[in-house]
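Participant: Structure in structure tokens, see below.
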Amino acid sequence: MVASSVSACNLIHPSYCSKDADLIIVSQDGVQFRVHSAIMKIASGFFRDMLALPQAAISSQLELIHLHESQEILKDLLDIIYPDGDLPDESVQGRLYDLCVVAEKYDMHGVLRRIRKMVFTNASTIVPLEKYALASRLGWEDEITTSLIETLRAPISGADALPYLRKLDTQNILRLQELHRKRKQGFLCLLESAEWLVFKFELSEEMDKCSYGESIDASKFWSRPSFAALWSYRCSQCGNPLLFKTNVKNSIKLLFNRLPKS
3 MVASSVSACN LIHPSYCSKD ADLIIVSQDG VQFRVHSAIM KIASGFFRDM LALPQAAISS
63 QLELIHLHES QEILKDLLDI IYPDGDLPDE SVQGRLYDLC VVAEKYDMHG VLRRIRKMVF
123 TNASTIVPLE KYALASRLGW EDEITTSLIE TLRAPISGAD ALPYLRKLDT QNILRLQELH
183 RKRKQGFLCL LESAEWLVFK FELSEEMDKC SYGESIDASK FWSRPSFAAL WSYRCSQCGN
243 PLLFKTNVKN SIKLLFNRLP KS
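Here it is as structure tokens:
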């Protein structure tokens, strides 16, 4: 960060070009934001401490502060801290981690609270791995647990996952991999269990009675007490069921549709 005093030039962000601003912050890519020092001091412990230092007498020129962040990140921050600003929407997905790191850097606790509220709501469409990376970086334990469970709905390997995995430290990568490994292992053990063998035997018995499969499609079949143990198996890590009755039923129906009819 570098502070200096210059006259305003032409590279001014259109959303932050107020004529009554008393401070200019400049992004790494050279875009100026005309802001109000009072708002910056309320929102940021960093700016509050910096602007409290004795300032050299400067003519009528505004103080200009060079920062190391991009114009996108600075605009996101300002949109959150200004009174008439809004919570960032899903368009900031992919920048959220960097935004939180910068908010930490400049001691902007209000920014972190608002991002936390936005990301960890039921309506959020943020990628589960990004949620997990954010929560892990900031030590939000409750959100670490919920986002870890959400990662079970998507692959954690491959090109799409790599940008988020790079943001995790070794401990949280191992925690993520261990949950997915234990769940897979639990499912494979379930397929070898006595309860699963009973399920397959009773499917075979029903096929002997009616090979078209109508009785297997009936809810009465799926509610048999002998199957109850299958639906009660749960992951030891996240507590979620290893098998969902509806999913198994739909899969069996798809298999029936592929059986020969002539």
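Be aware that the sequence shown starts at 3, since it is given in our numbering, and climbs by one per residue. Note that CB positions come from ideal geometry on N, CA and C, so glycine has one too. None of these values were measured; they are calculated from a predicted model.
(1) Under the rule that 16 or more other beta-carbon atoms within 10 Å means buried, what is I44, buried or exposed?
(2) Fully enclosed by the stretch 136-224, which alpha helix (DSSP H) runs are 4 residues long or longer?
(3) By the DSSP assignment, the beta strand (DSSP E) with S17 in it spans what residues?
(4) Using a Cβ-Cβ cutoff of less than 8 Å, which residues in the same chain neighbour L114 once the five nearest sequence positions on both sides are dropped?
(5) Cutting at 8 Å between CB atoms, please list the residues of its own chain near V4, excluding the five before and the five after it.
(6) Rounded to whole angstroms, what is the Cα-Cα separation between D86 and R155?
(7) Quickly, what does DSSP pair F122 with across the bridge? List them, please.
(8) According to the neighbour-count rule (16 or more other Cβ atoms, all chains shown, within 10 Å of its Cβ), is F229 buried or exposed?
(9) Below 7 Å CB to CB, which residues in the same chain sit around N252 once its five sequence neighbours on both sides are set aside?
(10) Measure the Cβ-Cβ separation of S46 and D144 and say whether it is below 7 Å.
(11) Would A50 and I82 qualify as a contact pair, given that the criterion is a beta-carbon distance under 7 Å?
(12) Which residue wins for smallest C-alpha separation from L64, given the options D24, K169, L76, I254?
(13) With DSSP run on the structure shown, which of helix, strand or coil describes L257?
(14) Expressed to the nearest angstrom, what Euclidean distance is found between the alpha-carbon atoms of L98 and T172?
(15) Between which two residues does the alpha helix (DSSP H) holding E74 run?
(16) How is the alpha helix (DSSP H) around R226 delimited, first residue to last?
(17) Do you know offhand how far W224's Cα is from K119's?
(18) Is S61 buried or exposed, if buried means 16 or more other CB atoms sit within 10 Å of its CB?
(19) Rounded to a whole number of angstroms, what is the C-alpha to C-alpha distance between S17 and V94?
Facilitator: Result, derived from the coordinates:
(1) Classification for I44: exposed.
(2) With a minimum length of 4 residues, the continuous alpha helix (DSSP H) runs that stay inside the stretch 136-224 are 143-152, 164-167, 172-193, 196-211, 216-219, 221-224.
(3) First-last of the beta strand (DSSP E) with S17: 14-19.
(4) Non-local C-beta neighbours of L114 in its own chain, meaning closer than 8 Å and more than five positions away in sequence, comprise C102, A105, E106, L140, ordered along the chain.
(5) Unreliable positioning characterises V4 in this predicted model, as indicated by a pLDDT of 47, which lies under 50. The coordinate reading is nonetheless provided below. Excluding five sequence positions before and after V4, the CB atoms of its chain that fall closer than 8 Å to its own CB belong to I67, H68, given in chain order.
(6) Roughly 37 Å separates the two Cα atoms.
(7) Paired residues: none, contrary to the question.
(8) Buried: at least 16 other Cβ atoms inside 10 Å.
(9) By the criterion of a C-beta distance shorter than 7 Å, N252 is surrounded by no residue of its chain, once the five residues flanking it on both sides are discounted.
(10) Taking 7 Å as the Cβ cut-off, S46 and D144 do not qualify as a contacting pair.
(11) The sequence given here places Arg at residue 50; Ala does not occur at that position. Contact annotation: R50 and I82 have beta-carbon atoms that are not nearer than 7 Å.
(12) Considering only alpha carbons, the answer is D24.
(13) The three-state reading of DSSP puts L257 in helix, counting H, G and I together.
(14) C-alpha separation (whole angstroms): 21 Å.
(15) Counting along the chain, the unbroken alpha helix (DSSP H) around E74 starts and ends at 73-83.
(16) From DSSP, R226 is part of no alpha helix (DSSP H); its letter is neither H nor E.
(17) A straight-line Cα-Cα distance of about 40 Å links W224 and K119.
(18) With a pLDDT of only 48 at S61, under the threshold of 50, the placement of this residue in the model should not be trusted, and no figure is reported.
(19) Straight-line Cα distance between these residues: approximately 17 Å.
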